[in-house]
Amino acid sequence: MDLNLDALWMPFTANRDFKRSPRLLSKAQGMHYWTPEGRQVLDATSGLWCVNAGHARPRIVEAIARQAAEMDYAPPFQMGHPLAFELADRLLHIAPAGLDRVFFTNSGSESVDTALKIALAFQRVRGEPQRTRLIGRERGYHGVNIGGTALGGIGGNRKLFGSALSGVDHLRHTHDLARNAFSRGQPAHGAEFADDLERLIALHDASTIAAVIVEPMAGSTGALMPPQGYLQRLRQLCDQHGILLIFDEVITGFGRLGAPFAAQHYGVIPDLMTTAKGLTNGCVPMGAVFVKRELHDAFMQGPPTAIELPHGYTYSGHPLACAAALATLDTHAEEGLLTRATELHPAMEAAMHSLAGLPHVIDVRNTGLVGAVEFAPREGAPGRRAFEVFLACWEAGVLVRATGDTIAISPPLIVSEAQLQHIADTLRTAITQVA
Ligand code: PXG
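Following my numbering, the numbering of the sequence shown begins with 722 at its first residue and continues without gaps.
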């Protein structure tokens, strides 16, 4: 393929290394991608945790095409179109109890910054304007906008951007291999990591803290499952101190763990919930922030002609995205996809844990249709071992994701047990080769 690769500055990519030896995808269907040369690749990452129902699903493809011809765009400020209202209403059928107001964005990053702004604004409208501090967690990922960058807990993602936002702090992360290595599902130890919030409350005083944001399962930094009791404890501490709890469900939303959302899977309901990715099956960019009714209602005061929340995007509730999301919800419902990860959990667990004992493997973890294998870092070259395993799998026709020294697996919810086995077999060969 004769392509000039120079002009495109690629996101989160080692540009020079990639352009020396590009990895291109040009077609997708069901569980597979194809390269421009026609090589078939099994998608073990749902694109980037987003194509939960598999690729090129006919209902979704048709809905987008139909909507593009019917009405391409409609302004969302002081105007509306039926699909946006229909989608918000339909989402309530699967939303966690009480989170029944929906604000549309165009990505996970926008959902995060939207949720943070709603949290700050809520503290003002309820008469606690001094609550301006926001708390994230080490090893958290909340996208790349200013709020999400500041609240994220990945040093490398933060250092170039200075103090992107002041008044933030971080809980310690929950990854504890000394006690929890090779856990199946939620690790047994570490509920007390949530008590770290008490340390921050002692330091800053609860009256200065607006909200805590965490991923119920941290995806980007290698699939870190919450220890048993951890999320419950965090909820309890937030309630006790008047702090809002935000779950970032950009990855865990739409069936990844075996329930529509992690909030339901773990039985802990946040005050706000950020989503994106699987909402439209990755077909059209879209995000949604789910908000508790009481929070929303607190804004609905003053003159009814006033704009209650000065926030929104040109493409909030874009008609093509709404059409894609509605068709995605139909596809989920028809095929029972939002709970399928529960059925496949045992097969996923067996496939992943068959990799324990291979050279340099220091942990295997899994939940729903998420699996991770962590390697001991190679002396002086952290991250290389996982990246080489990723490359070897790519050569062998399976797309996996390398993050730090971890390989993460998150196949579409339509994956078969045989394909899960094939993914594990390919990983086994790659891990043994790379060693
Ligand atoms: N929150 C969470 C929890 C995410 O996982 C975002 C926010 C940002 O979403 P957008 O749509 O703005 O990218 C994400 C994104 C990986 C990986 O390899 C994960 C994400 C993005 C890129 C790579 O795990 N998640």
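Glycine is no exception: its CB is placed at the ideal position from the N, C-alpha and C atoms.
Asked: Under 8 Å: do the segment 825-838 and the segment 1031-1040 share three or more Cβ pairs, one atom per stretch?; Found: yes
Asked: Can you give, in chain order, each stretch of the beta strand (DSSP E) that sits fully within the segment 923-972 and has at least 3 residues?; Found: 930-935 and 965-969
Asked: Cutting at 7 Å between CB atoms, please list the residues of its own chain near F1020, excluding the five before and the five after it.; Found: V846, E1029 and L1030
Asked: From the DSSP secondary-structure annotation, give me the bridge partner or partners of N1087.; Found: G1092
Asked: Within the continuous beta strand (DSSP E) that includes R900, where are the two ends?; Found: No beta strand (DSSP E) holds R900; the alpha helix (DSSP H) holding it covers L898 to N901.
Asked: In angstroms, rounded to a whole number, what distance separates the CA positions of A789 and P803?; Found: 15 Å
Asked: So P817 packs on T895, CB below 8 Å; how close in whole Å?; Found: In fact, because the Cβ distance is near 21 Å, the residues do not count as touching under 8 Å.
Asked: Can you tell me which of the three DSSP states A1027 falls into?; Found: coil
Asked: Along the chain, where does the beta strand (DSSP E) that runs through D764 open and close?; Found: Q761 to D764
Asked: Can you tell me where the beta strand (DSSP E) holding R858 begins and where it ends?; Found: R854 to R858
Asked: Any idea if M994 is buried or exposed, counting beta-carbon neighbours within 10 angstroms, 16 or more meaning buried?; Found: buried
Asked: Any chance you could list the beta strand (DSSP E) runs of at least 3 consecutive residues sitting entirely within the segment 862-926, in chain order?; Found: 889-892
Asked: For Y987, is the beta carbon positioned less than 8 Å from some heavy atom of ligand 1?; Found: no
Asked: Suppose you measure from the CA of D1146 to the CA of T766; what does that come to, to the nearest Å?; Found: 16 Å
Asked: Could you check which residue in M792, H753 and D821 has the C-alpha nearest to that of K1013?; Found: D821
Asked: For M994, report the span of its beta strand (DSSP E) as first-last.; Found: L993 to T996
Asked: Between which two residues does the alpha helix (DSSP H) harbouring A1123 extend?; Found: Run containing A1123: none in the alpha helix (DSSP H); it sits in the beta strand (DSSP E), R1122 to T1124.
Asked: Considering just the uninterrupted stretch of the beta strand (DSSP E) at F825, what are its terminal residues?; Found: R822 to T826
Asked: Skipping 5 residues on each side, what residues in its chain have a beta carbon closer than 6 Å to that of V1005?; Found: L1041, A1042 and A1045
Asked: Per the DSSP calculation, G751 is bridged to which residue(s)?; Found: H776
Asked: Quick check: is any heavy atom of ligand 1 less than 8 Å from the C-beta of W755?; Found: no
Asked: Alpha carbon to alpha carbon, what distance is there between L1016 and G1104?; Found: 42 Å
Asked: Among the candidates L769, F975 and L1112, whose CA atom is the shortest distance from the CA of T996?; Found: F975
Asked: Which residue or residues does DSSP assign as beta-bridge partners of R1099?; Found: A1102
Asked: Indicate whether E831 and G1008 have their beta-carbon atoms separated by less than 9 Å.; Found: yes
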